[in-house]
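In the order they appear, the protein sequences are chains A and B. Letter by letter, the first sequence follows residues 21 to 452 of this note's numbering. Letter by letter, the second sequence follows residues 117 to 400 of this note's numbering. C-beta atoms are modelled at their ideal positions from N, C-alpha and C, and glycine is treated no differently.
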Amino acid sequence: MNENSWDENRAMDLLNQFEAILESDPLIDEVGFIHPSQFVTLSNECGESGDSSEDGAFGPKNTKFWNRDHKLGISTEVLLPLCKAAKSAFMDALKQYKNLCSFSDNNHEDENIMFGSLSCLSFESEVMKHGRAVLLLSCDFGTAWNSRKLVVSKKQQLSMLMDELLLSALVLSYSPKSEQAWSHRRWVIKMIAGKHSNLQDIMAKESELVEKIAERSKMNYRAWNHRCWLVSYMTREQMLHELKKSRDWAGLHVADNSCFHYRRRLILGISENSCCKQEGENSSYDVENYQIVKEELDLNEVLIKRYIGREALWLHRRFLSLCMIRHLTTMHDISCHPEQKTSMDNEINIFLDNESCLLNYCSTIQDTEFEDFKAQAMYSAVYFLWLITQIPQFREIDLQVKLRTENLKTILHEACPERSFLWGFPDLNGSF
Amino acid sequence: MGELAVYKHVHYILSVEKRKDSFESVVMDHLRMNGAYWGLTTLDLLGKLGTVNADEVISWIMKCQHESGGFAGNIGHDPHILYTLSAVQVLALFNKLDVLDTDKVAAYIIGLQNEDGSFSGDMWGEVDTSCRNLDGGFGCTPGGESHAGQIFCCVGALAIAGSLHHIDKDLLGWWLCERQVKSGGLNGRPEKLPDVCYSWWVLSSLILIDRVHWIDKEKLVKFILDCQDVENGGISDRPNDAVDVFHTYFGVAGLSLLEYPGLKAIDPAYALPVNVINRIFFSR
Numbered sequence: 021m022n023e024n025s026w027d028e029n030r031a032m033d034l035l036n037q038f039e040a041i042l043e044s045d046p047l048i049d050e051v052g053f054i055h056p057s058q059f060v061t062l063s064n065e066c067g068e069s070g071d072s073s074e075d076g077a078f079g080p081k082n083t084k085f086w087n088r089d090h091k092l093g094i095s096t097e098v099l100l101p102l103c104k105a106a107k108s109a110f111m112d113a114l115k116q117y118k119n120l121c122s123f124s125d126n127n128h129e130d131e132n133i134m135f136g137s138l139s140c141l142s143f144e145s146e147v148m149k150h151g152r153a154v155l156l157l158s159c160d161f162g163t164a165w166n167s168r169k170l171v172v173s174k175k176q177q178l179s180m181l182m183d184e185l186l187l188s189a190l191v192l193s194y195s196p197k198s199e200q201a202w203s204h205r206r207w208v209i210k211m212i213a214g215k216h217s218n219l220q221d222i223m224a225k226e227s228e229l230v231e232k233i234a235e236r237s238k239m240n241y242r243a244w245n246h247r248c249w250l251v252s253y254m255t256r257e258q259m260l261h262e263l264k265k266s267r268d269w270a271g272l273h274v275a276d277n278s279c280f281h282y283r284r285r286l287i288l289g290i291s292e293n294s295c296c297k298q299e300g301e302n303s304s305y306d307v308e309n310y311q312i313v314k315e316e317l318d319l320n321e322v323l324i325k326r327y328i329g330r331e332a333l334w335l336h337r338r339f340l341s342l343c344m345i346r347h348l349t350t351m352h353d354i355s356c357h358p359e360q361k362t363s364m365d366n367e368i369n370i371f372l373d374n375e376s377c378l379l380n381y382c383s384t385i386q387d388t389e390f391e392d393f394k395a396q397a398m399y400s401a402v403y404f405l406w407l408i409t410q411i412p413q414f415r416e417i418d419l420q421v422k423l424r425t426e427n428l429k430t431i432l433h434e435a436c437p438e439r440s441f442l443w444g445f446p447d448l449n450g451s452f
Numbered sequence: 117m118g119e120l121a122v123y124k125h126v127h128y129i130l131s132v133e134k135r136k137d138s139f140e141s142v143v144m145d146h147l148r149m150n151g152a153y154w155g156l157t158t159l160d161l162l163g164k165l166g167t168v169n170a171d172e173v174i175s176w177i178m179k180c181q182h183e184s185g186g187f188a189g190n191i192g193h194d195p196h197i198l199y200t201l202s203a204v205q206v207l208a209l210f211n212k213l214d215v216l217d218t219d220k221v222a223a224y225i226i227g228l229q230n231e232d233g234s235f236s237g238d239m240w241g242e243v244d245t246s247c248r249n250l251d252g253g254f255g256c257t258p259g260g261e262s263h264a265g266q267i268f269c270c271v272g273a274l275a276i277a278g279s280l281h282h283i284d285k286d287l288l289g290w291w292l293c294e295r296q297v298k299s300g301g302l303n304g305r306p307e308k309l310p311d312v313c314y315s316w317w318v319l320s321s322l323i324l325i326d327r328v329h330w331i332d333k334e335k336l337v338k339f340i341l342d343c344q345d346v347e348n349g350g351i352s353d354r355p356n357d358a359v360d361v362f363h364t365y366f367g368v369a370g371l372s373l374l375e376y377p378g379l380k381a382i383d384p385a386y387a388l389p390v391n392v393i394n395r396i397f398f399s400r
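Encoded structure:
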């Protein structure tokens with residue numbers, strides 16, 4: 021059927037069918053666009069016979085929509101006329117709704133308010149109905165998301181807000197990168213946070229949702245960004261819990277930089293959430309914070325040795341090392357004893373010593389059959405160089421460690437000759 | 117090394133403009149204003165802005181203006197700061213900024229600024245804040261992962277505001293130059309594939325902080341040229357993928373920054389041809 025031969029009436033029929041399905045099955049959790057030829061396959065898989073029963077209105081004989089087990093399939097043949105019809109119906113309804121809203125806002129006579137608001141209600145439901153249809157086909161259509169915010173903010177009902185979470189989750193199930201959908205969720209959560217108390221519950225569910233989506237959509241920036249945003253609503257206990265809970269997942273997704281960034285966010289949040297308490301509590305938080313960084317460093321080292329040449333792991337280590345140095349420095353700042361200072365230097369030396377051991381371990385290029393070993397050598401060398409340039413303490417440390425780093429230049433030359441700008445780095449030359 | 121297929125790309129952009137009746141273009145029609153900016157700036161960089169009917173474009177742009185002063189992505193849609201930017205940029209290309217009631221547009225933008233200095237995108241308040249991370253980069257929200265696109269927005273904004281001294285250029289430059297992968301292309305963050313659009317965001321950021329000598333420019337040029345569809349015109353995100361106007365613009369803009377011959381120079385902060393920017397500033 022030629023796309024151009026869909027006239028307005030037939031397109032409206034399509035839209036009505038589509039919206040009827042959505043209305044009849046509020047638990048739809050998956051939407052997909054399918055080629056018409058696949059409709060037969062789908063029906064066969066479900067063991068449906070040629071003669072469908074009464075309820076087979078959207079069964080095998082229908083080649084435009086397929087709805088079963090809360091899944092919805094739309095034939096690619098009808099996508100264009102359906103989308104155009106939905107958009108057109110939505111825009112009409114929106115225009116009428118907005119006109120009536122401003123009409124009833126501006127008029128104070130009781131009669132007008134009554135008439136105005138009844139029509140308002142009917143156009144309001146049109147806006148929501150057509151808007152939902154449009155968004156399932158064109159999920160980044162901002163105006164449609166906005167119209168829902170407009171309607172929902174006027175009603176102020178928790179159930180409507182929860183419905184918005186359902187719709188956006190449905191959209192994200194097949195468009196996990198839709199920034200509009202993520203943004204809409206944040207707006208809804210802020211609305212809920214403002215007036216309802218089950219926020220902690222919602223936070224936990226959001227985190228789970230992101231993890232589920234992240235599993236299918238690797239390094240999804242927007243999903244993880246959303247999860248980072250949630251951290252600002254978490255208590256220290258929740259952050260600790262999240263860190264622990266997502267540990268294993270991180271170990272299975274070592275190339276996912278977004279995942280490790282999330283862990284950095286949590287660690288930062290935990291250390292920031294340690295201030296403004298009494299003296300006694302303060303020092304126990306310090307110890308706990310130190311433990312967290314130490315454990316993360318240990319985990320990171322295990323993963324680095326197991327998964328060779330993974331950039332994300334080495335970048336994560338940069339952050340952790342900085343944290344560690346800061347901890348060691350601040351923990352000793354509490355008293356200014358010279359003994360304390362020597363002790364601090366010792367601890368930093370021990371730490372740097374360990375890092376240079378790691379460098380030596382990783383910088384042997386065992387074979388060149390795969391890129392991994394070479395990459396590992398490069399990342400470890402660049403990491404160490406970065407460390408030297410970032411921490412001021414390096415200048416004062418042990419000769420031992422300095423001697424080991426004579427190797428650094430050699431390693432860099434061998435592993436990444438193209439990064440020659442690194443040799444020009446002032447600190448590196450100064451330290452040698 | 118291949119060459120830039122100028123005429124093919126011009127032809128491609130002009131054809132996209134006409135192709136309005138496919139599902140793909142219908143679902144993108146909410147960002148038509150951005151598409152106009154990408155397509156028309158590319159044409160200007162290639163020296164072919166004259167192939168377009170300026171009056172038609174301008175009249176369409178003005179129909180997209182909302183009563184609040186902001187511009188929408190298309191007629192009848194909601195306004196947003198991003199479409200407002202694109203609208204202003206396109207008018208600048210045509211040297212028609214005088215059709216604007218500048219006070220009105222300015223009032224719309226100012227109205228979106230929040231108490232903490234950040235800007236909301238529109239009345240619904242999603243803030244695209246720029247927050248500096250420990251790796252020297254910038255993320256989208258406080259605590260957001262460093263992302264090259266976001267970095268460009270921040271560095272560009274700071275450049276325009278004369279405040280680049282707030283950036284640790286070595287630290288940021290380091291992270292940025294690590295975006296160059298073996299093929300010569302640039303990615304947007306660690307462990308990701310290279311993408312032509314980062315030829316713009318990473319590159320212009322490096323230029324603004326004076327660290328562009330930290331990447332291999334020749335390899336990058338070759339990568340961009342490899343992303344062309346020399347048969348049908350247009351540039352894609354990486355070699356042999358489908359082309360689109362977005363990547364065509366970033367590829368050409370990136371080549372301009374790399375001083376590829378035959379292209380107009382582009383301003384790394386304003387993302388408009390240098391002559392357009394000069395025209396604005398010198399007319400004061």
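- When the beta-carbon positions are compared, B/G370 and B/I351 stay at least 7 Å from each other.
- With its beta carbon at least 7 Å from every one in chain A, B/W317 lies outside the interface.
- Judged by DSSP in its simplified three-state form, B/W290 adopts helix.
- Distance from the CA atom of B/G304 to the CA atom of B/Y153, rounded to whole angstroms, is 22 Å.
- Think of a sphere of 9 Å around the beta carbon of B/P355: no beta carbon from chain A falls inside it, the nearest being about 19 Å out.
- With a cut-off of 8 Å on Cβ pairs, the stretch 313-330 of chain A is in contact with the stretch 366-386 of chain A, counting three or more such pairs.
- Contact between B/V168 and B/T200 does not hold, since their C-beta atoms are separated by about 21 Å, which reaches or exceeds 8 Å.
- Put simply, the backbone Cα of B/M144 is about 28 Å away from that of A/K210.
- Put simply, the stretch 189-204 of chain B touches the stretch 233-240 of chain B. At least three CB pairs are less than 8 Å apart.
- Here the C-alpha atom of A/S158 lies approximately 12 Å from the C-alpha atom of A/L192.
- Among the bridge pairs identified by DSSP, A/W86 is matched with A/G93.
- Following the DSSP letters along the chain, one finds A/E65 inside the alpha helix (DSSP H) bounded by residues 57-65.
- Within chain A, the C-beta atoms nearer than 7 Å to that of B/H146 come from D160, F161, G162, T163, in chain order.
- Looking only at B/Q296, B/I276, B/A275, B/G252, the smallest Cα-Cα distance to B/L287 is reached by B/G252.
- What A/N166 touches in chain B, judged by beta-carbon distance under 7 Å, is D194, W240, going in chain order.
- When Cβ-Cβ separations below 7 Å define contact, B/P306 makes contact with chain A.
- By the CB criterion at 7 Å, B/E261 and A/S278 fall inside the cutoff.
- The residue from A/L229, A/A189, A/L405 with its alpha-carbon nearest to that of A/I431 is A/L405.
- Its Cα nearest to that of B/F268, the residue B/L322 stands out among B/I226, B/V215, B/L322, B/D171.
- Note on B/A381: under 16 other CB atoms within 10 angstroms of its CB, so exposed under the neighbour-count rule.
- Residue pairing for B/S236: DSSP places it in a beta bridge opposite B/V243.
- Partner residues in a beta bridge of A/A201, as assigned by DSSP, do not exist.
- At a cut-off of 7 Å, the C-beta of A/M111 has a neighbouring C-beta in chain B.
- Across the structure, A/I287 and A/Y253 are spaced so that their CA atoms are roughly 15 Å apart.
- Straight-line spacing of the CA atoms in A/F53 and A/M351 works out to 58 Å.
- By the criterion of at least three beta-carbon pairs nearer than 8 Å, the stretch 389-398 of chain B is not in contact with the stretch 278-293 of chain B.
- If you ignore the 5 residues before and after A/A401, its C-beta comes within less than 8 Å of the C-beta of L379, S383, L428, I431, L432, A435, C436, all in its own chain and listed in chain order.
- Counting C-beta pairs closer than 8 Å gives fewer than three between the stretch 382-394 of chain B and the stretch 330-347 of chain B, which falls short of the contact rule.
- Under the three-state reduction of DSSP output, A/A275 falls in the coil class, being neither helix nor strand.
- The DSSP-derived three-state label of B/P195 is strand.
- Taking 7 Å as the threshold, the shortest C-beta distance from A/A213 to chain B does not fall below it.
- B/A188 has B/P195 as its beta-bridge partners, per DSSP.
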